[in-house]
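For reference, the structure discussed in these notes is given below.
Residue numbers (my numbering), protein chains in the order written: chain U, 35 to 334; chain D, 279 to 582.
Printed below as a string of C-alpha cells:
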C-alpha cells in the first residue's frame with residue numbers, strides 16, 4: 035500500500051544512535067504533549083467524575099458512560115452524522131476523484147485553470163462559506179427566494195427540516211471537493227507514466243487503465259481521504275452552528291454530537307458529561323478509521 | 279489532520295513536479311464541459327460574494343442575488359463602512375488574525391520543520407515512540423480535545439488571551455509528516471556529513487545547509503497551517519469572550535448574529551463585504567504561491 039511505502043525514509047542509514055535528534059524533535063513534542071496528550075488524559079479523568087450540587091466532585095466510575103448509552107439526544111445526533119457520513123462522503127469523494135482523473139488524463143482544455151478554481155473554496159473559511167450559502171439558501175433575499183419570485187414556484191425551503199442535512203452536505207462538499215481532488219491528483223502525478231504507455235501498447239482503453247492502474251496506485255490516498263472525511267463528518271460543528279440563527283427550530287443544540295458536547299459544557303456547565311460524549315465520539319471515530327484501514331498509516 | 283504519503287519509490291520532488299507532459303492526446307470537449315460544471319459550482323458562491331459586496335443593505339433585499347442591484351454601486355462605501363463600523367473593530371480583528379497566523383502558523387511550521395528534519399536525519403532513542411504517539415493521537419478528533427483543552431487552559435489562566443488560540447495552533451501533525459518525508463528526500467546525507475566534517479554544529483548545519491533545500495516543503499506547510507489558523511472557528515469560539523481578541527471569523531459571525539438579537543442592527547452588507555475582505559489574502563497567497571505548494575504536495579499527498 036502506498037501509505038506504507040514511505041515508511042522507510044530514503045536518507046536514513048544505519049547511523050549510530052545518539053540523543054542529538056531530540057534537539058530537533060523535542061520542542062514539537064513538548065507542545066504536542068501540552069495540547070494533545072494532556073487534554074486526552076484530562077478528559078478521560080473528567081469522564082469518570084461527576085460534579086453534584088450536593089457532595090461536590092466525586093468519582094462515579096462509568097456512570098457517565100451508562101448515561102450516554104441511554105441518552106436519546108446523543109444517539110439522535112449520532113444517527114444524523116452517520117447518515118451524513120454515508121451519503122455526503124461518497125458523493126464528495128467520487129466527485130473529487132472524477133475531477134482528479136479528468137485533470138490527470140491530459141484531455142482537458144485549460145487543466146491548470148480547473149485545478150486551481152476547483153481547489154479555491156478550500157481557502158475560504160467555513161464561517162464565510164456557511165454565511166454565503168446561508169444567504170443563498172434564504173427565502174428572503176436568497177437565490178431560492180429569487181427563483182420563487184421570478185418563476186412563481188415554491189421550491190422547498192433548503193433550511194427546512196427535510197432538506198437541512200442535504201443543505202449542510204452541499205456546503206461541506208463545496209468546501210472540500212477541491213481539496214480531496216488535489217490529494218488524488220497529487221497521488222496520480224507520481225504514478226510512473228511508463229505504466230500507462232505499456233498498458234496502451236497492450237491495447238488497454240482509458241477506463242481499463244483507470245481501473246487496473248490508476249485506482250490501485252492511489253489506494254493509499256483514497257484510504258486517507260476517506261478516513262479524514264469520516265473524522266470530519268463525526269466532528270460536524272461549524273456549518274450547522276453557523277446556520278443555526280437561520281433555523282433555530284431545525285438546528286437544535288443537539289443536532290450533531292459536537293454541538294451537543296459544546297452546549298453541554300458551555301450552556302449547561304456539564305463538563306464531565308461533555309467530556310464523556312467527546313470520548314465516545316473519539317473512540318467510535320477511531321474504530322471506524324481503523325476499519326477503513328488506518329493500519330496502513332499506523333505502520334509509518 | 280494528517281498525513282498520507284506518497285510512495286517514495288519515486289524520485290525527488292523536483293523531478294516529480296516537472297514530469298514531462300505525456301504524449302499529446304486529443305483534448306476532449308465533453309470532458310472539459312463536464313469539469314466546467316464542477317468549476318462553475320466552485321465559483322458561483324464566490325461570484326455571489328463579489329456581486330453582493332457591491333450592494334447596500336436595501337439593495338441586498340431588492341435585487342436578484344447573482345446580478346448587480348440597480349442604483350447605487352456601493353462596494354467602496356461598504357469597504358469603508360466595514361473598516362469604520364463599531365469604531366473600526368474590523369481592523370482590530372484583522373490584526374488579531376494576522377497575529378494568530380504569524381505566530382501560530384509560523385510557529386507550527388517552524389516546529390514541524392525542526393521535528394520532521396530530526397526524524398528524517400537522526401537516529402535517536404525513543405524515535406519509534408514519537409511516531410506511535412503522534413500517529414495515534416492524530417486519530418483523536420480535534421474537537422473532542424477542545425472542551426478539555428478549554429478547561430485546562432482556564433485553570434492555567436490562559437483563556438481569553440491570544441495564547442489560548444496560538445498554543446493549540448502550534449501543532450500540525452500533517453506538517454510534521456510532510457516535513458519528515460520531504461527532508462528524507464530532499465537532503466542528501468552526504469551534504470550533512472560534509473558540513474559535520476567541516477566542524478559545523480547541528481543547528482548551523484540545519485539552517486545553512488538543510489533549510490534552503492526544504493523550500494517547497496516549508497512553503498506548503500506554511501500555506502496549509504495558515505489556512506487552518508486563518509479559518510479557525512471552533513477554537514477561538516470557545517477560548518475567547520472578549521470581542522477585542524476575536525479573529526475575523528468569529529467577528530464576522532458576530533455581526534451576522536446581531537441581526538437576530540433584540541435591537542440588533544442588520545448589517546448584512548458589512549457581513550458580506552467583510553467576508554470578501556477576509557478571504558482575499560488567502561486566495562491571493564494560494565494563487566501566487568501555486569508553483570511551490572503544488573510541488574510540495576507532490577512529495578506526499580496530504581490532508582489535514
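Glycine residues also receive a C-beta, built at the ideal position from the N, C-alpha and C atoms. Predicted model only: the values in this text are computed from it and were never measured.
Excluding five sequence neighbours on each side, which residues of the same chain lie with their C-beta closer than 6 Å to the C-beta of residue 301/U? Counting from 1 along the first chain, the entry for residue 301/U is found at position 267. Around residue 301/U: no qualifying Cβ.
Does the region 124 to 134 of chain U touch the region 203 to 214 of chain U, meaning 3 or more C-beta pairs lie closer than 8 Å? yes
Flag residue 180/U as yes if its beta-carbon sits less than 8 Å from any beta-carbon of chain D, otherwise no. Here residue 180/U refers to the residue found at position 146 of the first chain. With 8 Å as the cut-off, residue 180/U counts as an interface residue toward chain D.
Report the residue ranges of all beta strand (DSSP E) runs contained in full by the region 196 to 234 of chain U; include only those spanning at least 3 residues, in chain order. none
Residues near residue 323/D by beta carbon distance below 8 Å, same chain, minus five either side: Along the second chain, read from residue 1 onward, the residue named residue 323/D stands at position 45. Nothing meets the Cβ criterion.
At least one CB of chain D closer than 8 Å to the CB of residue 143/U: is that the case? Position 109 of the first chain, counted from the start, is the residue given in the question as residue 143/U. With its beta carbon less than 8 Å from one in chain D, residue 143/U belongs to the interface.
Just to confirm, is the Cβ distance from residue 465/D to residue 399/D under 8 Å? On the second chain, residue 465/D is found 187 positions in, with the first residue counted as 1. On the second chain, residue 399/D is found 121 positions in, with the first residue counted as 1. The answer is yes: Cβ separation under 8 Å.
Roughly how many angstroms lie between the CA atoms of residue 111/U and residue 474/D, to the nearest whole one? Sequence index remark: in the first chain, residue 111/U carries index 77 (1-based). Sequence index remark: in the second chain, residue 474/D carries index 196 (1-based). C-alpha separation (whole angstroms): 58 Å.
Through-space distance from residue 412/D to residue 395/D, alpha-carbon basis: For the purposes of this step, residue 395/D is taken as residue 117 along the second chain, with counting starting at 1. For the purposes of this step, residue 412/D is taken as residue 134 along the second chain, with counting starting at 1. Spanning the two alpha carbons is a distance of roughly 15 Å.
Going by beta carbon distance, what residues of the same chain come within less than 8 Å of residue 351/D, once the five residues before and after it are set aside? Here residue 351/D is taken as the residue at index 73 of the second chain, counted from 1. Correct list, in chain order: 332.
Could you tell me which chain D residues have their CB closer than 8 Å to the CB of residue 195/U, listed as they occur along the chain? Within the first chain, numbered from 1, the residue matching residue 195/U stands at position 161. Chain D residues near residue 195/U: none, gap ~19 Å exceeds 8 Å.
In the structure shown, what three-state DSSP assignment does residue 587/D receive? No answer is possible for residue 587/D: the residues shown for chain D start at 279 and end at 582.
Which residue spans inside the region 486 to 556 of chain D form an unbroken beta strand (DSSP E) run of at least 3? none
Beta-carbon proximity list for residue 367/U, same chain, < 6 Å, skipping 5 on both sides: Residue 367/U is absent from the model: chain U starts at 35 and stops at 334.
Alpha carbon to alpha carbon, what distance is there between residue 178/U and residue 188/U? Position 154 of the first chain, counted from the first residue, corresponds to residue 188/U. Position 144 of the first chain, counted from the first residue, corresponds to residue 178/U. So the alpha carbons of these two residues sit roughly 9 Å apart.
Element boundaries [alpha helix (DSSP H), containing residue 66/U]: Start at 1 with the first residue of the first chain, and residue 66/U comes out as number 32. Residues 55 to 66.
Residue-chain proximity (residue 44/U, chain D), Cβ-Cβ < 8 Å: Start at 1 with the first residue of the first chain, and residue 44/U comes out as number 10. In this prediction, residue 44/U has a pLDDT of 44, which is less than 50 and means its spatial position is unreliable; nothing more can be read from the coordinates.
Thinking C-beta only, is residue 356/D closer than 8 Å to residue 548/D? For the purposes of this step, residue 548/D is taken as residue 270 along the second chain, with counting starting at 1. For the purposes of this step, residue 356/D is taken as residue 78 along the second chain, with counting starting at 1. Taking C-beta atoms as the reference points, residue 548/D and residue 356/D count as a pair closer than 8 Å.
Comparing alpha-carbon positions, which option in 463/D, 382/D, 309/D, 541/D lies nearest residue 505/D? Working through the second chain from its first residue, we reach residue 505/D at position 227. Here the closest residue by C-alpha is 382/D.
Cα-Cα separation between residue 477/D and residue 488/D, rounded to whole angstroms: Looking up residue 477/D in the second chain gives position 199. Looking up residue 488/D in the second chain gives position 210. Inter-residue distance for residue 477/D and residue 488/D is about 16 Å (C-alpha atoms, whole angstroms).
Taking the CB atoms as reference points, tell me whether residue 76/U and residue 429/D lie closer together than 8 Å. The residue given as residue 76/U occupies position 42 in the first chain. The residue given as residue 429/D occupies position 151 in the second chain. Their beta carbons are under 8 Å apart, which means residue 76/U touches residue 429/D by this criterion.
Nonlocal neighbours in the same chain, by C-beta distance under 7 Å from residue 543/D, ignoring five residues either side: In the second chain, the residue the question calls residue 543/D occupies position 265. Counting only Cβ-Cβ distances below 7 Å, and skipping sequence neighbours, we find 536.
Assign residue 114/U to buried or exposed, taking buried as 16 or more other Cβ atoms, counted over all protein chains shown, within 10 Å of its Cβ. The sequence position of residue 114/U within the first chain is 80, counting from 1. Residue 114/U should be labelled buried.
Closest residue to residue 52/U among 526/D, 480/D, 388/D, 377/D (Cα-Cα distance): For the purposes of this step, residue 52/U is identified with residue 18 of the first chain, where counting begins at 1. Of 526/D, 480/D, 388/D, 377/D, the residue nearest in Cα terms is 480/D.
Assuming residue 108/U contacts residue 321/U (C-beta within less than 8 Å), just tell me the rounded distance between them. Here residue 108/U is taken as the residue at index 74 of the first chain, counted from 1. Here residue 321/U is taken as the residue at index 287 of the first chain, counted from 1. Contact flag wrong, Cβ pair sits at about 17 Å.
Just mark residue 325/U as buried or exposed, buried being the case when its beta carbon has 16 or more other beta carbons within 10 Å. As a working mapping, residue 325/U is identified with position 291 in the first chain. Exposed, since its Cβ has fewer than 16 Cβ neighbours within 10 Å.
Quick check on residue 469/D: buried or exposed, where buried means 16 or more other Cβ atoms within 10 Å of its Cβ? One-based indexing of the second chain puts residue 469/D at position 191. Exposed, because fewer than 16 other Cβ atoms sit within 10 Å of the Cβ of residue 469/D.
Kindly indicate if chain U contains any beta-carbon less than 8 Å away from that of residue 471/D. For the purposes of this step, residue 471/D is taken as residue 193 along the second chain, with counting starting at 1. Taking Cβ atoms only, chain U never reaches closer than 8 Å to residue 471/D, which makes this a no.
With H, G and I counted as helix, E and B as strand and the rest as coil, what does DSSP make of residue 172/U? Sequence index remark: in the first chain, residue 172/U carries index 138 (1-based). In this structure, residue 172/U counts as coil in the three-state DSSP scheme.
If you compare alpha carbons, which of 146/U, 66/U, 229/U is closest to residue 569/D? Here residue 569/D corresponds to residue number 291 of the second chain, with the count starting at 1. The option with the nearest alpha carbon to residue 569/D is 146/U.
Just verifying my parser: in three-state terms, what is the DSSP assignment at residue 299/D? If you number the second chain from 1, residue 299/D lands on position 21. In this prediction, residue 299/D scores a pLDDT of 47, lower than 50, which makes its location untrustworthy; the coordinate-derived value is nonetheless stated afterwards. Looking at residue 299/D - three-state DSSP - the assignment turns out to be coil, as it is neither helix nor strand.
On a Cα-Cα basis, can you pick out the residue from 517/D, 318/D, 344/D that is closest to residue 330/D? Against the second chain, residue 330/D aligns to sequence position 52. When only C-alpha atoms are compared, the closest one is 344/D.
Let me confirm a value: residue 403/D is counted as buried when at least 16 other C-beta atoms fall within 10 Å, else exposed. Which label applies? Looking up residue 403/D in the second chain gives position 125. Exposed.
Quick check on this structure: which residue in 151/U, 207/U, 163/U has the alpha carbon closest to the alpha carbon of residue 128/U? Sequence index remark: in the first chain, residue 128/U carries index 94 (1-based). With distances taken between Cα atoms, residue 128/U lies closest to 207/U.
Any idea what DSSP makes of residue 139/U, helix, strand or coil? Working through the first chain from its first residue, we reach residue 139/U at position 105. Reduced to three states, the DSSP call for residue 139/U is coil.
Among 103/U, 232/U, 101/U, 84/U, nearest to residue 94/U - alpha-carbon criterion: By 1-based counting over the first chain, the position of residue 94/U is 60. Out of 103/U, 232/U, 101/U, 84/U, the CA that lies nearest to the CA of residue 94/U is found in 84/U.
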